[in-house]
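Okay, structure first, notes after.
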Amino acid sequence: MSEPILRISNAAIGFENSEPLLDSVNLELYPGEIIGIIGRSGLGKTSLLRTIAGLIPLLSGELEVSRGVGEIGYIPQRLGLITHQTVGYNVMMGALPKAPLWQTIFSLPGQEYRDQARSAIESVGLSEKVLEPISLLSGGQQRRVAIARSMVQQPTILLADECLGELDADTAKDIISLITNIVKEQGTAAIIVDHNPVRASTFCNRVLQIRGTRLEEVE
Amino acid sequence: MNFSQLLKKRPRLILYALISILVIIVADSLGLNLYNLGQAWDNLGLLWPRIWPPDFSVVTERAAYSYSDCNWDADWMCSPAVHGLVETIEIAFLSTIFGMIIALPLSMMAAHNLAPVWLSIIMRQILAALRVLPSLVWALFLVILFGPGPLAGVLAMTFYTIGYLGKLQYETLEGVSRHPLEAARAMGLPRWQVARYFALPEASNALWSQMLFMFEYNIRHGSIIGLVGAGGIGWYLSNYLSVYSRYDRALAMILIIYLAVVVIDQISLSLRHRFMDSEVHAPRARWREIIPFFPKK
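Residue numbers (this note's numbering), protein chains in the order written: chain A, 8 to 226; chain B, 43 to 339.
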């Protein structure tokens, strides 16, 4: 088996000056693997993803992950889209880490990246909506935009926080197939937070459940 | 009924009585009294024939004196009211544009969610320092440095615009949702890209609205800074009031300023409403639709 691209050892996760939400967390993630995280609200699923993304510090323990420019793709619970901007603009944001810095000082990344954004938008089925502002899209369409942004970014690790929540079964199925395609085609590893354990077990290689302050593998 | 019973039964009565006593004490310490008010009324009676009717020749006749050239053939275009008002609007326009261009990067560096703490503290101090002096006091200093005229006016209002608009802008940027910023930070983007490509577009409607408000504000204040020689309609007004004692012309100028401010307020308000309405219906940057000649997507 290849080397893990993420290794968390004996870690405590949570916020400074308060009790850890999770402790003794041990987790390894391999290229091309999808891990599902399930558990009740407020137990620390989002905090785990934000810690991996480097947005909040680890309380104790070790976390080994490469956080080079563009290596981590994070889709927050509310998707993190720029609501005042168009679908095209939001997807182009995925190209920012790859584009030369000088190119982005005065304008968006160049033609090569625009082509990548266009093909990502086509593959999520939103070609007709390129110039639509995000706020006019449905919840499912907004999730597709967030996924298209990650497709352009081509991260090593994709972290998706409840990107299947509040969706009907068919739309959720479409979003799942988009994520599994990214993993297969780009060799990305993914950690997906989901509330539905049955659904998570259908597309994840492993499912981990938060019980109390522990992260345990579901057999 | 003793005092404590009265206090319990009629607490508001006691409060009003205390405030009234305080008002009388403070007014007395400032030397305000009815005798002075009566004297002002007498003075108004003496001045009234020189105030009324307003002399609207300030709109029709070419200005006999001016600190800047007016090359229009039509006399009314070079009249004190029109020439002064156009210059006031020009001063406000330039100072708003210059102020916006300088304030925007400063406000991004002052926002806690976009810049390191040490930098945001320094930037906030700079913006606060620019805001301490009102544009009139800036104009007083700059007229001494650059001499009377619009240059001092533009600089004075630019300084104040940077301080005032910068504060509005960094507060708006700090109110931007954290989710797009977190997605950007997780990508490993540098701070300036997070600010430029994520925070600015998300806050764009509010930022445009604030710039329009600042333009409107600068036009109103542009009339005042002329009183200290920093150009615009206030310069003529000041001369009519103090040098020439032409109160009828001064009244006409005041009425024209009032009319201009009302019109500009209404235009600005309707434009700002378009930005604010868009928050609800179609939240996207609307400036392309507002600028008539800008190519539509």
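The C-beta atom is built at its ideal place from N, Cα and C for all residues, glycine as well.
Keep in mind it's a predicted model, so treat the numbers as computed, not measured.
Looking at the unbroken alpha helix (DSSP H) that takes in residue i, where does it start and where does it end?
i, result
"Q149 (chain A)", "G146 to Q160"
"V174 (chain B)", "V159 to V174"
"S246 (chain B)", "L242 to I267"
"S46 (chain B)", "F45 to K51"
"V32 (chain A)", "Not the alpha helix (DSSP H): V32 (chain A) falls in the beta strand (DSSP E), residues L29 to L36."
"R428 (chain B)", "Residue 428 (chain B) is absent from the model: chain B starts at 43 and stops at 339."
"K52 (chain A)", "K52 to I59"
"S232 (chain A)", "No answer is possible for residue 232 (chain A): the residues shown for chain A start at 8 and end at 226."
"K407 (chain B)", "Residue 407 (chain B) is absent from the structure shown; chain B starts at 43 and stops at 339."
"Y120 (chain A)", "Q118 to S130"
"G80 (chain B)", "L76 to I93"
"I275 (chain B)", "I275 to S280"
"T111 (chain A)", "Segment: none, T111 (chain A) is in no alpha helix (DSSP H) and carries neither H nor E."
"V101 (chain B)", "S99 to T102"
Cβ atoms of residue j and residue i: under 8 Å apart, would you say?
i, j, result
"V200 (chain A)", "L56 (chain A)", "yes"
"Q216 (chain A)", "V205 (chain A)", "no"
"R233 (chain B)", "A157 (chain B)", "yes"
"I79 (chain A)", "A248 (chain B)", "no"
"I89 (chain A)", "D168 (chain A)", "no"
"L207 (chain B)", "M256 (chain B)", "yes"
"L13 (chain A)", "L28 (chain A)", "no"
"S162 (chain B)", "A153 (chain B)", "yes"
"A196 (chain A)", "G43 (chain A)", "no"
"Q211 (chain B)", "Q167 (chain B)", "no"
"A237 (chain B)", "M150 (chain B)", "yes"
"G87 (chain A)", "P176 (chain B)", "no"
"L133 (chain A)", "V94 (chain A)", "yes"
"I154 (chain A)", "I186 (chain A)", "yes"
"L62 (chain A)", "E224 (chain B)", "yes"
"R118 (chain B)", "T102 (chain B)", "Rather than Arg, the amino acid found at residue 118 (chain B) in this sequence is Trp. Result yes, Cβ atoms of W118 (chain B) and T102 (chain B) sit closer than 8 Å."
"I266 (chain B)", "L178 (chain B)", "yes"
"P192 (chain B)", "E258 (chain B)", "no"
"R150 (chain A)", "C170 (chain A)", "yes"
"G13 (chain B)", "G274 (chain B)", "No statement about residue 13 (chain B) is possible, as the shown extent of chain B runs from 43 to 339 and does not include it."
"S31 (chain A)", "R213 (chain A)", "no"
"P11 (chain A)", "E35 (chain A)", "yes"
"F210 (chain A)", "I182 (chain A)", "no"
"Q412 (chain B)", "T111 (chain A)", "The displayed coordinates of chain B run from 43 to 339. Any statement about residue 412 (chain B) would go beyond what the structure contains."
"H202 (chain A)", "I45 (chain A)", "yes"
"I198 (chain A)", "L166 (chain A)", "yes"
"S137 (chain B)", "T200 (chain B)", "yes"
What residue range is occupied by the uninterrupted beta strand (DSSP E) comprising residue i?
i, result
"L215 (chain A)", "R213 to R218"
"G43 (chain A)", "I41 to I45"
"R221 (chain A)", "R221 to E224"
"I186 (chain B)", "No beta strand (DSSP E) holds I186 (chain B); the alpha helix (DSSP H) holding it covers S177 to F188."
"G68 (chain A)", "S67 to V72"
"A145 (chain B)", "Unbroken run through A145 (chain B) is the alpha helix (DSSP H), P122 to A152; no beta strand (DSSP E)."
Based on the DSSP secondary-structure assignment, which residues constitute the bridge partners of residue i?
i, result
"I164 (chain A)", "A:I79 and A:A196"
"T93 (chain A)", "A:P140"
"S16 (chain A)", "A:E69"
Measure how close the beta-carbons of residue i and residue j come, nearest whole angstrom, since I'm counting them as under 8 Å.
i, j, result
"V196 (chain B)", "I133 (chain B)", "5 Å"
"P104 (chain A)", "G230 (chain B)", "6 Å"
"G268 (chain B)", "S280 (chain B)", "6 Å"
"A272 (chain B)", "A145 (chain B)", "A272 (chain B) to A145 (chain B), Cβ: 20 Å. No contact."
"I204 (chain B)", "G141 (chain B)", "5 Å"
"V98 (chain A)", "I128 (chain A)", "6 Å"
"D290 (chain B)", "D97 (chain B)", "4 Å"
"A123 (chain B)", "V159 (chain B)", "Contact flag wrong, Cβ pair sits at about 51 Å."
"P254 (chain B)", "R314 (chain B)", "The residue asked about is misnamed: residue 254 (chain B) is Leu in this sequence, not Pro. So it is a contact: roughly 5 Å between Cβ atoms."
"S246 (chain B)", "H91 (chain A)", "6 Å"
"V185 (chain B)", "V68 (chain B)", "With 8 Å as the limit, V185 (chain B) and V68 (chain B) do not qualify as a contact, their Cβ atoms being about 34 Å apart."
"A292 (chain B)", "L283 (chain B)", "5 Å"
Answer yes or no: does any C-beta atom of chain E fall closer than 8 Å to that of residue i?
i, result
"Q193 (chain A)", "Within the model displayed, chain E is absent; protein chains A and B are what it includes."
Checklist entry - Using 8 Å as the Cβ pair cut-off and three pairs as the minimum, do the stretch 109 to 120 of chain B and the stretch 86 to 96 of chain B touch? => result no
Item to check | Three or more C-beta pairs below 8 Å linking the stretch 175 to 186 of chain A and the stretch 12 to 30 of chain A | outcome: no
Item to check | Contact between the stretch 128 to 142 of chain A and the stretch 103 to 119 of chain A (3+ Cβ pairs under 8 Å) | outcome: no
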